[in-house]
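So the sequence shown is residues 349 to 645, counted in our numbering.
By construction, the Cβ of each residue, glycine as well, lies at the ideal position given by its N, Cα and C atoms.
Small disclaimer: the values here were computed from a predicted structure and weren't measured.
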Amino acid sequence: MQLQLRNLDLNLLTLFVAVMEQQNVSKAAKILNMSQPAMSLGLNRLRKKFNDDLFYRSGGIMQPTALAKSLYQPINEALKTIGQALPQDDLAMSQIVLKFNLAMPTALEPFLLTNLLSQLSQSSPNVRINSQQAVDIDALKYNRLDFILETQPYQGEDLNCEKICSEPLILAYSCAHPRISHGVDLDTLLNEDFAVVEPQRCLTNKDKVKVNYKLSSYQAALSLAAQTQVLTLVPKSSLDNSDAKRLLNWQPSPFTKKQLDIYLTWLAQREQDKSHQWLKECICDSLNPSKLSAISA
(Lines of atoms letter the chains of each structure in order from A and count residues from 1; the text may use other names and numbers.)
(Lines give C-alpha, C1' and ligand atoms only; values in the text may rest on other atoms or scores of the structure.)
Protein backbone atom coordinates (compact mmCIF):
# COMPACT_ATOMS: atom_id res chain seq x y z
CA MET A 1 0.00 0.00 0.00
CA GLN A 2 1.39 3.40 -0.97
CA LEU A 3 0.01 6.82 -0.07
CA GLN A 4 0.82 10.08 -1.78
CA LEU A 5 2.04 12.32 1.04
CA ARG A 6 0.93 15.45 -0.77
CA ASN A 7 -2.65 14.19 -0.66
CA LEU A 8 -2.55 13.42 3.07
CA ASP A 9 -3.41 16.00 5.73
CA LEU A 10 -0.60 15.65 8.29
CA ASN A 11 -2.98 16.82 11.03
CA LEU A 12 -4.71 13.47 10.61
CA LEU A 13 -1.53 11.75 11.74
CA THR A 14 -1.56 13.61 15.06
CA LEU A 15 -5.16 12.45 15.42
CA PHE A 16 -4.09 8.87 14.74
CA VAL A 17 -1.35 9.01 17.40
CA ALA A 18 -3.72 10.52 19.97
CA VAL A 19 -6.30 7.76 19.50
CA MET A 20 -3.59 5.10 19.69
CA GLU A 21 -2.27 6.47 22.98
CA GLN A 22 -5.59 7.33 24.62
CA GLN A 23 -7.61 4.34 23.34
CA ASN A 24 -10.61 6.67 23.45
CA VAL A 25 -11.90 9.12 20.85
CA SER A 26 -13.30 11.59 23.40
CA LYS A 27 -10.03 11.73 25.37
CA ALA A 28 -8.04 12.10 22.17
CA ALA A 29 -10.30 14.97 21.06
CA LYS A 30 -9.82 16.73 24.40
CA ILE A 31 -6.03 16.48 24.17
CA LEU A 32 -6.07 17.90 20.63
CA ASN A 33 -8.64 20.58 21.58
CA MET A 34 -11.08 19.25 18.98
CA SER A 35 -14.78 18.51 19.11
CA GLN A 36 -15.74 14.85 19.12
CA PRO A 37 -17.61 15.13 15.78
CA ALA A 38 -14.53 16.66 14.17
CA MET A 39 -12.43 13.90 15.68
CA SER A 40 -14.73 11.20 14.33
CA LEU A 41 -14.74 12.84 10.91
CA GLY A 42 -10.96 12.91 10.84
CA LEU A 43 -10.80 9.28 11.89
CA ASN A 44 -13.13 8.32 9.04
CA ARG A 45 -10.91 10.19 6.59
CA LEU A 46 -7.91 8.24 7.86
CA ARG A 47 -9.76 4.96 7.45
CA LYS A 48 -10.47 5.78 3.83
CA LYS A 49 -6.88 6.82 3.18
CA PHE A 50 -5.48 3.60 4.60
CA ASN A 51 -8.37 1.41 3.44
CA ASP A 52 -8.49 -0.09 6.92
CA ASP A 53 -10.69 0.30 10.01
CA LEU A 54 -7.56 1.19 12.05
CA PHE A 55 -9.55 0.93 15.32
CA TYR A 56 -12.47 -1.09 16.60
CA ARG A 57 -14.34 -0.82 19.88
CA SER A 58 -13.83 -3.68 22.33
CA GLY A 59 -14.28 -3.73 26.08
CA GLY A 60 -15.03 -0.02 26.16
CA ILE A 61 -11.77 1.03 24.47
CA MET A 62 -10.58 1.58 20.92
CA GLN A 63 -8.39 -1.36 19.97
CA PRO A 64 -5.91 -0.91 17.08
CA THR A 65 -5.94 -3.20 14.06
CA ALA A 66 -2.76 -4.95 12.95
CA LEU A 67 -2.12 -2.19 10.41
CA ALA A 68 -2.56 0.54 13.04
CA LYS A 69 -0.07 -1.23 15.31
CA SER A 70 2.50 -1.39 12.52
CA LEU A 71 1.99 2.30 11.64
CA TYR A 72 2.16 3.76 15.14
CA GLN A 73 5.90 3.85 15.81
CA PRO A 74 7.07 5.23 12.43
CA ILE A 75 4.32 7.87 12.40
CA ASN A 76 4.95 8.89 16.00
CA GLU A 77 8.70 9.16 15.47
CA ALA A 78 8.22 11.13 12.25
CA LEU A 79 5.96 13.66 14.00
CA LYS A 80 8.47 14.06 16.83
CA THR A 81 11.25 14.70 14.32
CA ILE A 82 9.15 17.36 12.58
CA GLY A 83 8.32 18.97 15.93
CA GLN A 84 11.98 19.13 16.95
CA ALA A 85 12.90 20.74 13.64
CA LEU A 86 10.45 23.59 14.07
CA PRO A 87 11.73 26.83 15.69
CA GLN A 88 11.02 26.98 19.42
CA ASP A 89 10.06 29.99 21.49
CA ASP A 90 12.25 30.04 24.65
CA LEU A 91 9.48 31.43 26.87
CA ALA A 92 6.98 28.90 25.56
CA MET A 93 9.46 26.06 26.06
CA SER A 94 10.03 27.07 29.68
CA GLN A 95 6.29 26.79 30.30
CA ILE A 96 5.84 23.35 28.72
CA VAL A 97 4.55 20.75 31.18
CA LEU A 98 6.09 17.33 30.57
CA LYS A 99 3.93 14.43 31.67
CA PHE A 100 5.24 10.91 32.25
CA ASN A 101 3.41 7.71 33.15
CA LEU A 102 5.09 5.06 35.30
CA ALA A 103 3.88 1.63 36.41
CA MET A 104 5.12 0.08 39.66
CA PRO A 105 3.93 -2.08 42.57
CA THR A 106 1.83 -0.12 45.07
CA ALA A 107 3.86 -1.32 48.06
CA LEU A 108 7.12 -0.09 46.49
CA GLU A 109 5.71 3.16 45.13
CA PRO A 110 6.89 5.43 47.98
CA PHE A 111 10.40 3.98 47.86
CA LEU A 112 10.60 4.32 44.10
CA LEU A 113 9.02 7.77 43.94
CA THR A 114 9.99 9.70 47.08
CA ASN A 115 13.48 10.77 46.04
CA LEU A 116 12.48 11.18 42.39
CA LEU A 117 9.60 13.53 43.15
CA SER A 118 11.70 15.49 45.62
CA GLN A 119 14.45 15.85 43.04
CA LEU A 120 12.06 16.91 40.26
CA SER A 121 10.19 19.41 42.45
CA GLN A 122 13.43 21.33 42.88
CA SER A 123 15.04 20.97 39.47
CA SER A 124 12.08 20.50 37.10
CA PRO A 125 8.82 21.84 38.59
CA ASN A 126 7.02 21.56 35.23
CA VAL A 127 7.37 17.77 35.16
CA ARG A 128 4.29 15.75 36.14
CA ILE A 129 4.47 12.07 37.15
CA ASN A 130 1.48 9.75 37.04
CA SER A 131 1.94 6.40 38.77
CA GLN A 132 -0.20 3.32 38.27
CA GLN A 133 -0.11 -0.24 39.55
CA ALA A 134 -1.20 -2.10 36.41
CA VAL A 135 1.72 -3.33 34.31
CA ASP A 136 0.63 -3.27 30.67
CA ILE A 137 3.24 -4.01 28.00
CA ASP A 138 0.88 -2.82 25.25
CA ALA A 139 0.55 0.50 27.08
CA LEU A 140 4.34 0.75 27.00
CA LYS A 141 4.42 0.03 23.27
CA TYR A 142 1.81 2.68 22.50
CA ASN A 143 3.27 5.37 24.78
CA ARG A 144 0.54 5.23 27.39
CA LEU A 145 3.37 4.20 29.72
CA ASP A 146 6.90 5.55 29.70
CA PHE A 147 8.55 3.12 32.12
CA ILE A 148 7.81 0.04 34.19
CA LEU A 149 9.59 -0.34 37.53
CA GLU A 150 9.27 -3.86 38.89
CA THR A 151 11.07 -6.55 40.87
CA GLN A 152 11.19 -8.69 37.75
CA PRO A 153 12.65 -8.03 34.29
CA TYR A 154 10.46 -7.90 31.20
CA GLN A 155 11.92 -9.35 28.04
CA GLY A 156 11.12 -8.71 24.38
CA GLU A 157 12.79 -7.76 21.11
CA ASP A 158 11.30 -4.29 21.29
CA LEU A 159 11.98 -3.78 25.02
CA ASN A 160 15.02 -2.62 26.95
CA CYS A 161 15.38 -3.70 30.58
CA GLU A 162 18.02 -2.76 33.14
CA LYS A 163 18.52 -3.52 36.83
CA ILE A 164 18.85 -0.13 38.47
CA CYS A 165 19.14 -0.91 42.18
CA SER A 166 18.94 -3.62 44.86
CA GLU A 167 17.40 -3.25 48.29
CA PRO A 168 18.37 -5.65 51.14
CA LEU A 169 15.54 -7.63 52.72
CA ILE A 170 15.54 -7.87 56.50
CA LEU A 171 13.69 -9.75 59.23
CA ALA A 172 12.20 -7.32 61.77
CA TYR A 173 10.66 -8.15 65.14
CA SER A 174 9.84 -6.52 68.47
CA CYS A 175 12.68 -5.77 70.89
CA ALA A 176 10.48 -7.37 73.54
CA HIS A 177 9.85 -10.57 71.57
CA PRO A 178 10.17 -13.48 74.06
CA ARG A 179 11.53 -16.06 71.61
CA ILE A 180 13.40 -14.23 68.86
CA SER A 181 16.91 -12.79 69.11
CA HIS A 182 19.73 -12.18 66.65
CA GLY A 183 21.01 -15.41 65.14
CA VAL A 184 17.94 -17.47 66.05
CA ASP A 185 17.78 -20.77 64.16
CA LEU A 186 15.57 -21.17 61.10
CA ASP A 187 13.38 -23.89 62.66
CA THR A 188 12.31 -21.48 65.38
CA LEU A 189 11.37 -18.85 62.81
CA LEU A 190 9.23 -21.30 60.87
CA ASN A 191 7.03 -21.74 63.95
CA GLU A 192 6.36 -18.00 64.25
CA ASP A 193 3.58 -15.92 62.71
CA PHE A 194 4.50 -13.46 59.96
CA ALA A 195 2.93 -10.30 58.57
CA VAL A 196 4.18 -9.78 55.00
CA VAL A 197 3.52 -7.36 52.17
CA GLU A 198 3.24 -9.19 48.82
CA PRO A 199 4.84 -12.48 50.00
CA GLN A 200 5.96 -13.46 46.48
CA ARG A 201 8.46 -10.59 46.50
CA CYS A 202 10.33 -11.71 49.62
CA LEU A 203 9.67 -15.45 49.89
CA THR A 204 9.83 -18.50 47.63
CA ASN A 205 7.98 -21.81 47.73
CA LYS A 206 10.97 -23.26 49.54
CA ASP A 207 10.36 -20.95 52.52
CA LYS A 208 7.70 -22.67 54.64
CA VAL A 209 6.73 -19.51 56.51
CA LYS A 210 3.40 -19.04 58.26
CA VAL A 211 2.09 -15.85 56.68
CA ASN A 212 -0.91 -15.08 58.88
CA TYR A 213 -1.29 -11.47 57.77
CA LYS A 214 -0.95 -10.05 54.26
CA LEU A 215 -0.73 -6.27 54.47
CA SER A 216 -0.66 -3.51 51.90
CA SER A 217 2.20 -1.40 53.29
CA TYR A 218 5.58 -1.95 54.90
CA GLN A 219 4.88 0.64 57.56
CA ALA A 220 1.76 -1.24 58.66
CA ALA A 221 3.79 -4.47 58.87
CA LEU A 222 6.49 -2.79 60.96
CA SER A 223 3.94 -1.20 63.27
CA LEU A 224 2.27 -4.57 63.83
CA ALA A 225 5.62 -6.25 64.50
CA ALA A 226 6.57 -3.55 67.02
CA GLN A 227 3.37 -4.02 69.03
CA THR A 228 2.93 -7.81 68.85
CA GLN A 229 4.93 -11.01 68.54
CA VAL A 230 4.43 -11.11 64.77
CA LEU A 231 7.56 -11.07 62.57
CA THR A 232 7.88 -9.30 59.24
CA LEU A 233 10.13 -9.17 56.18
CA VAL A 234 10.71 -5.72 54.68
CA PRO A 235 13.24 -3.77 52.61
CA LYS A 236 15.89 -2.22 54.87
CA SER A 237 14.99 1.35 53.93
CA SER A 238 11.50 0.91 55.33
CA LEU A 239 12.89 0.21 58.81
CA ASP A 240 15.45 3.00 58.62
CA ASN A 241 12.67 5.53 58.20
CA SER A 242 9.98 3.94 60.35
CA ASP A 243 8.50 5.62 63.42
CA ALA A 244 8.58 2.18 65.05
CA LYS A 245 12.33 1.73 64.50
CA ARG A 246 13.30 2.13 68.19
CA LEU A 247 10.92 -0.70 69.14
CA LEU A 248 12.32 -3.19 66.64
CA ASN A 249 15.32 -5.43 66.21
CA TRP A 250 16.36 -6.69 62.81
CA GLN A 251 18.72 -9.01 60.99
CA PRO A 252 19.33 -9.87 57.32
CA SER A 253 16.64 -12.12 55.89
CA PRO A 254 17.50 -15.77 56.67
CA PHE A 255 15.27 -16.96 53.84
CA THR A 256 15.99 -17.68 50.18
CA LYS A 257 15.57 -14.12 48.86
CA LYS A 258 18.14 -11.73 50.28
CA GLN A 259 17.23 -8.57 48.36
CA LEU A 260 14.72 -6.87 46.11
CA ASP A 261 16.16 -6.18 42.64
CA ILE A 262 14.45 -3.27 40.90
CA TYR A 263 14.30 -3.36 37.08
CA LEU A 264 13.47 -0.51 34.73
CA THR A 265 11.78 -1.45 31.43
CA TRP A 266 11.13 0.84 28.48
CA LEU A 267 10.45 0.69 24.77
CA ALA A 268 13.65 0.31 22.76
CA GLN A 269 12.45 2.68 20.04
CA ARG A 270 12.33 5.54 22.55
CA GLU A 271 16.10 5.57 22.97
CA GLN A 272 16.25 8.66 20.77
CA ASP A 273 13.58 10.49 22.76
CA LYS A 274 15.63 13.03 24.73
CA SER A 275 12.96 13.78 27.36
CA HIS A 276 12.38 10.06 27.88
CA GLN A 277 16.09 9.36 28.37
CA TRP A 278 16.39 12.38 30.66
CA LEU A 279 13.73 10.91 32.96
CA LYS A 280 15.49 7.53 32.87
CA GLU A 281 18.64 9.19 34.17
CA CYS A 282 16.64 10.97 36.88
CA ILE A 283 15.06 7.69 38.02
CA CYS A 284 18.43 5.92 38.17
CA ASP A 285 20.02 8.80 40.06
CA SER A 286 17.17 8.90 42.59
CA LEU A 287 17.60 5.19 43.35
CA ASN A 288 21.36 5.35 43.80
CA PRO A 289 22.09 3.36 46.98
CA SER A 290 23.76 6.38 48.57
CA LYS A 291 20.56 8.38 48.13
CA LEU A 292 17.92 5.87 49.19
CA SER A 293 15.06 7.42 51.08
CA ALA A 294 12.06 6.07 52.95
CA ILE A 295 9.75 3.32 51.98
CA SER A 296 6.57 4.47 53.59
CA ALA A 297 2.91 3.92 52.93
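- Taking each of 389, 390, 368 and 363 in turn and checking the Cα distance to residue 380, the smallest one comes out for 363.
- Residue 604 is a Cβ neighbour of residue 554, given a cutoff of 8 Å.
- Residue range 495 to 498 is occupied by the beta strand (DSSP E) that includes residue 497, with no alpha helix (DSSP H) assigned at that position.
- In this structure, residue 596 and residue 573 form a Cβ contact; the two beta carbons are roughly 6 Å apart against a cut-off of 8 Å.
- Scanning 631, 601 and 567 for the CA closest to the CA of residue 610 turns up 631.
- Nearest to residue 577 by C-alpha distance, out of 586, 519 and 633, is 519.
- Cβ-Cβ distances below 7 Å link residue 634 to 463, 464 and 467 in the same chain, with the five nearest sequence neighbours on each side left out; the list follows chain order.
- Scanning the stretch 397 to 484 from its first residue to its last, the whole beta strand (DSSP E) runs of 3-plus residues come out as 403 to 406, 409 to 412, 446 to 451 and 475 to 480.
- The Cβ-Cβ distance between residue 398 and residue 412 does not fall below 8 Å.
- Look at the stretch 561 to 604 and you find these whole runs of alpha helix (DSSP H), each 4 residues long or longer: 566 to 575 and 584 to 588.
- Distance from residue 516 to residue 584 at the Cβ level is roughly 4 Å; contact confirmed, criterion being Cβ atoms closer than 8 Å.
- Residue environment for residue 496: buried (at least 16 other C-beta atoms within 10 angstroms of its C-beta).
- Using a Cβ distance threshold of 8 Å, residue 530 and residue 599 count as a contacting pair.
- Between residue 447 and residue 476 the beta-carbon gap is near 5 Å, inside 8 Å, which marks them as a contact.
- Linking residue 551 to residue 451 through their CA atoms gives a straight-line distance of about 23 Å.
- The three-state secondary structure of residue 613, taken from DSSP, is strand.
- With 16 or more other Cβ atoms from the protein chains shown falling within 10 Å of its own Cβ, residue 369 counts as buried.
- In the DSSP assignment, residue 523 falls outside any alpha helix (DSSP H), carrying neither H nor E.
- For the pair residue 502 and residue 487, the Cα-to-Cα distance works out to about 14 Å.
- Less than 8 Å separates the beta-carbon of residue 423 from that of residue 365.
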